[in-house]
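The sequence shown runs contiguously to residue 377 in the numbering used here.
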Amino acid sequence: MNPFHYGNIVSGEYFYDRKEELERIVQTLKGGNNLMLYAPRRYGKSSLVAKALNELRKDGFTTVYIDFMSVYSRETFIKNYTSAIAEQQSMSFEKLVKKMAGLIQGIVPAISFDHMGSPSFSFSWVEGHDTEQTLKETIDFPEKVSTGEKRWIIAFDEFQEITKLNGESFEKILRSCIQHHKNVSYLFLGSRTHVLKDMFNNKNRAFYNAAMLMNIDTISDADSLVYLTRRFGKFNMVIDEPTANYLIHKVASIPYYIQFVAAEIWQQLIGGDLGQKTISIQQVDTAINSILNIKADYYWELINKQTNYRKKILFALSHGVDEVFSKSTAEKYRLGPASTTQKALDTFIEEGIIERINNKYHFSDPIFKLFLIQHL
Ligand SMILES: Nc1ncnc2c1ncn2[C@@H]1O[C@H](COP(=O)(O)OP(=O)(O)OP(=O)(O)O)[C@@H](O)[C@H]1O
Ligand SMILES: [Mg+2]
2 MNPFHYGNIV
12 SGEYFYDRKE
22 ELERIVQTLK
32 GGNNLMLYAP
42 RRYGKSSLVA
52 KALNELRKDG
62 FTTVYIDFMS
72 VYSRETFIKN
82 YTSAIAEQQS
92 MSFEKLVKKM
102 AGLIQGIVPA
112 ISFDHMGSPS
122 FSFSWVEGHD
132 TEQTLKETID
142 FPEKVSTGEK
152 RWIIAFDEFQ
162 EITKLNGESF
172 EKILRSCIQH
182 HKNVSYLFLG
192 SRTHVLKDMF
202 NNKNRAFYNA
212 AMLMNIDTIS
222 DADSLVYLTR
232 RFGKFNMVID
242 EPTANYLIHK
252 VASIPYYIQF
262 VAAEIWQQLI
272 GGDLGQKTIS
282 IQQVDTAINS
292 ILNIKADYYW
302 ELINKQTNYR
312 KKILFALSHG
322 VDEVFSKSTA
332 EKYRLGPAST
342 TQKALDTFIE
352 EGIIERINNK
362 YHFSDPIFKL
372 FLIQHL
């Protein structure tokens with residue numbers, strides 16, 4: 002088994018560090034406050050939150066997790082949210098279905114069994130019932146079944162996606178319901194940091210001041226180094242400090258990409274003789290090149306979608322330009338007025354290609370940056 006995992010949520014031995022962040026999340030929610038956790042893509046938000054919910058469950062809280070990525074209407078919210086609630090582990094299916102039937106008028110919840118006899122939750126709609134009413138009753142359900150002693154904690158992942166539903170005034174309805182909840186704390190998280198911050202910091206938005214804000218950084222390089230050494234070590238593979246740091250810096254310390262490259266190195270070294278293997282800088286480069294090859298089609302597609310002006314900016318940024326609005330940058334890379342450059346950068350941020358962190362522009366995907374350096 003590859004000792005490195007990349008993709009979405011990691012847990013157990015695949016998860017390292019984040020002790021302080023974990024403590025802060027757990028304590029904030031235990032204290033009855035809501036929290037909004039934001040960080041760029043692939044920093045490890047969902048994994049951290051999964052771990053926090055796990056701890057809270059051990060302390061007697063009922064926890065629910067729902068990802069807004071798959072929510073695109075009031076109906077899909079009701080469907081996904083009631084299913085997520087059904088998966089909480091503090092109440093039996095039977096009891097839950099009974100309570101839901103009593104408290105949410107617009108649906109008829111049921112338990113179905115697969116051929117193995119495992120139960121799963123489903124429901125049918127009550128014809129002609131007002132969806133807004135059903136939506137509100139669904140949102141209020143956790144508050145109705147929790148108590149001061151048996152509190153609930155609910156995590157809404159990729160919460161910025163709620164803005165897709167604003168035509169249906171979803172944001173307002175959700176806020177107006179949950180602001181009355183006393184026995185439920187909410188954890189909102191997501192990666193579109195500028196969208197999320199606007200939702201919680203802008204006076205004119207429904208979620209203004211609705212939660213404490215917290216952001217997470219990449220994992221410290223020192224801890225990543227210890228983890229890489231330990232995990233490779235299990236397979237008699239040695240990575241020395243300069244090589245580990247080389248790997249970490251190549252991918253801008255972003256947790257997902259550290260695991261991605263490490264997994265690829267492991268894949269290339271496993272097999273053959275069983276003696277000790279020392280990982281070299283060249284092997285790190287070979288692994289990265291192999292990832293670049295795997296992703297080439299996707300990257301070309303992404304590049305070809307860009308206007309020529311945006312390609313010039315990608316070129317400048319991938320070659321390490323910091324002062325993207327300066328006169329000398331404009332001259333060197335033949336860019337137009339700052340306002341045009343700003344517009345292009347906004348589009349990149351919107352599309353998730355670029356992140357703005359402390360007023361500097363970074364590639365969300367450090368491997369894409371390497372691809373641009375090679376090909377543009
Ligand atoms: N604490 C950690 N320990 C080990 N690996 C981690 C950790 N956090 C993140 N990773 C790596 O990053 C990958 C992505 O993690 P996760 O899905 O939790 O991040 P995310 O910020 O929610 O990403 P996205 O923005 O895509 O939703 C994991 O599959 C894993 O490879
Ligand atoms: Mg996530």
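A virtual CB, placed ideally from N, CA and C, is assigned to each residue, including glycine. Quick caveat, the model's predicted, so the values are computed rather than measured.
Inset, instruction - Determine the burial state of R231: buried for a count of at least 16 other Cβ atoms within 10 Å of its Cβ, exposed for fewer. - result: Here residue 231 refers to the residue found at position 230 when the sequence shown is read from its first residue. R231 is exposed by the Cβ-count criterion.
Legend entry - Inter-residue Cα distance where the pair is N305 and G118: Against the sequence shown, residue 305 aligns to sequence position 304. Against the sequence shown, residue 118 aligns to sequence position 117. Cα to Cα, N305 sits roughly 51 Å from G118.
Legend entry - Exposure label - K251; buried when at least 16 CB within 10 Å: On the sequence shown, position 250 is the one that residue 251 refers to. It counts as buried.
Inset, instruction - Give the secondary structure of V11 by DSSP, where H, G and I count as helix, E and B as strand, and everything else as coil. - result: Start at 1 with the first residue of the sequence shown, and residue 11 comes out as number 10. In the displayed model, V11 falls within coil according to three-state DSSP, outside both helix and strand.
Legend entry - Chain-ordered residues, beta carbon under 7 Å from a heavy atom of ligand 2: Chain-ordered, the residues whose CB falls short of 7 Å from any heavy atom of ligand 2 come out as N9, K46, S47, D158, E159, S192.
Inset, instruction - Would you mind giving the Cβ-Cβ distance between I255 and Y44, rounded to the nearest angstrom? I have them listed as a contact below 8 Å. - result: Translated into positions along the sequence shown, residue 255 becomes position 254. Translated into positions along the sequence shown, residue 44 becomes position 43. Yes, they are in contact, since the Cβ atoms of I255 and Y44 sit about 7 Å apart, within 8 Å.
Legend entry - First through last residue of the alpha helix (DSSP H) which encompasses H363: By 1-based counting over the sequence shown, the position of residue 363 is 362. Where H363 is concerned, there is no enclosing alpha helix (DSSP H), although the beta strand (DSSP E) it sits in stretches over 361-364.
Inset, instruction - Please find out if some non-hydrogen atom of ligand 1 comes closer than 7 Å to the beta-carbon of R25. - result: Position 24 of the sequence shown holds residue 25. Because no heavy atom of ligand 1 lies under 7 Å away, the Cβ of R25 does not count as near it: no.
Inset, instruction - Starting from S340, follow the alpha helix (DSSP H) in both directions and report where the run begins and ends. - result: Walking along the sequence shown from the start, residue 340 turns up at place 339. Looking at the DSSP string, the run of the alpha helix (DSSP H) that includes S340 is 339-351.
Inset, instruction - Reducing DSSP to helix, strand and coil, say where N237 ends up. - result: Start at 1 with the first residue of the sequence shown, and residue 237 comes out as number 236. Coil, per DSSP.
Inset, instruction - Verify the contact flag: Y299, CB atom, against every heavy atom of ligand 1, threshold strictly below 7 Å. - result: As a first step, residue 299 must be located in the sequence shown, where it is residue number 298. No, ligand 1 has no heavy atom inside 7 Å of this Cβ.
Legend entry - Cβ distance (whole Å) where Y17 is taken to contact D224 below 8 Å: For the purposes of this step, residue 17 is taken as residue 16 along the sequence shown, with counting starting at 1. For the purposes of this step, residue 224 is taken as residue 223 along the sequence shown, with counting starting at 1. Contact holds; Cβ gap of about 6 Å.
Inset, instruction - Taking only heavy atoms of ligand 1 into account, decide whether any of them is closer than 7 Å to the Cβ of R19. - result: Here residue 19 is taken as the residue at index 18 of the sequence shown, counted from 1. At least one heavy atom of ligand 1 is nearer than 7 Å to the Cβ of R19, so yes.
Legend entry - Residue range of the unbroken beta strand (DSSP E) whose run includes I355: As a working mapping, residue 355 is identified with position 354 in the sequence shown. Start and end: 355-358.
Legend entry - Strand pairing of P120, partner residues [DSSP]: Counting from 1 along the sequence shown, the entry for residue 120 is found at position 119. When beta bridges are read from the DSSP output, P120 appears opposite F114.
Inset, instruction - Please classify D218: does DSSP put it in a helix, a strand, or coil? - result: Along the sequence shown, read from residue 1 onward, the residue named residue 218 stands at position 217. Correct three-state label for D218: coil.
Inset, instruction - Run the proximity test for F69: is its beta-carbon closer than 7 Å to any non-hydrogen atom belonging to ligand 1? - result: Stepping through the sequence shown from its first residue, residue 69 is reached at position 68. No, Cβ of F69 sits at least 7 Å from all heavy atoms of ligand 1.
Inset, instruction - May I have the straight-line CA-CA distance separating A297 from F372, to the nearest angstrom? - result: Numbered from its first residue, the sequence shown carries residue 297 at position 296. Numbered from its first residue, the sequence shown carries residue 372 at position 371. Roughly 8 Å between the two C-alpha positions.
Inset, instruction - Note the first and the last residue of the continuous alpha helix (DSSP H) segment covering R23. - result: On the sequence shown, position 22 is the one that residue 23 refers to. For the record, residue 23 in the displayed sequence is Leu; it is not Arg. Bounds of the alpha helix (DSSP H) holding L23 are 20-31.
Legend entry - Beta-carbon proximity check, V98 vs A111, cutoff 8 Å: For the purposes of this step, residue 98 is identified with residue 97 of the sequence shown, where counting begins at 1. For the purposes of this step, residue 111 is identified with residue 110 of the sequence shown, where counting begins at 1. In contact: V98 and A111 (Cβ atoms closer than 8 Å).
Inset, instruction - With DSSP as the reference, label F189 as helix, strand or coil. - result: Within the sequence shown, residue 189 is the residue found at index 188, counting from 1. Three-state DSSP puts F189 in a strand.
Inset, instruction - State yes or no: is the C-beta of Y15 nearer than 7 Å to some heavy atom of ligand 1? - result: Residue numbering aside, residue 15 sits at position 14 when the sequence shown is read from its first letter. Indeed, a heavy atom of ligand 1 lies less than 7 Å from the Cβ.
Inset, instruction - Select from H182, D158, F124 the residue whose C-alpha is nearest the C-alpha of G149. - result: Here residue 149 is taken as the residue at index 148 of the sequence shown, counted from 1. Residue H182 holds the alpha-carbon nearest to the alpha-carbon of G149 among H182, D158, F124.
Inset, instruction - Over the uninterrupted beta strand (DSSP E) stretch that includes Y39, give me the two end residues. - result: In the sequence shown, residue 39 corresponds to position 38, counting from 1. From DSSP, the beta strand (DSSP E) with Y39 extends over 36-39.
Inset, instruction - Return the first residue and the last residue of the beta strand (DSSP E) that I67 is part of. - result: As a working mapping, residue 67 is identified with position 66 in the sequence shown. Per DSSP, I67 belongs to the beta strand (DSSP E) from 63-68.
Legend entry - Closer than 7 Å: A1 CB and nearest ligand 1 heavy atom: Outside the modelled stretch of the chain, which goes from 2 to 377, sits residue 1, for which no answer is possible.
Inset, instruction - Return yes when at least one heavy atom of ligand 1 lies under 7 Å from the C-beta of Y39, else no. - result: Reading the sequence shown from its first residue, position 38 is the one you call residue 39. Because no heavy atom of ligand 1 lies under 7 Å away, the Cβ of Y39 does not count as near it: no.
Inset, instruction - Within its chain, find whatever has a CB closer than 8 Å to the CB of K198; leave out the 5 residues flanking it on each side and keep chain order. - result: Along the sequence shown, one-based indexing puts residue 198 at 197. Excluding positions up to five away in sequence, the list reads Y39, L214.
Inset, instruction - Taking the CB atoms as reference points, tell me whether A212 and L23 lie closer together than 8 Å. - result: Reading the sequence shown from its first residue, position 211 is the one you call residue 212. Reading the sequence shown from its first residue, position 22 is the one you call residue 23. Going by C-beta atoms, A212 is not nearer than 8 Å to L23.
Legend entry - Of the listed residues Y334, K80, T83, E88, nearest to T63 (C-alpha basis): For the purposes of this step, residue 63 is taken as the residue at position 62 of the sequence shown. The residue with the shortest Cα to Cα distance from T63 is E88.
Legend entry - Cβ pair Q277, V239 closer than 8 Å: Taking the sequence shown and counting its residues from 1, the one referred to as residue 277 is at position 276. Taking the sequence shown and counting its residues from 1, the one referred to as residue 239 is at position 238. For Q277 and V239, yes; Cβs fall inside 8 Å.
Legend entry - Pairwise C-alpha distance: F171 and D131: Position 130 of the sequence shown, counted from the first residue, corresponds to residue 131. Position 170 of the sequence shown, counted from the first residue, corresponds to residue 171. Straight-line Cα distance between these residues: approximately 15 Å.
Inset, instruction - Please report the residue range of the alpha helix (DSSP H) in which I282 lies. - result: In the sequence shown, the residue the question calls residue 282 occupies position 281. I282 -> alpha helix (DSSP H) spans 282-305.
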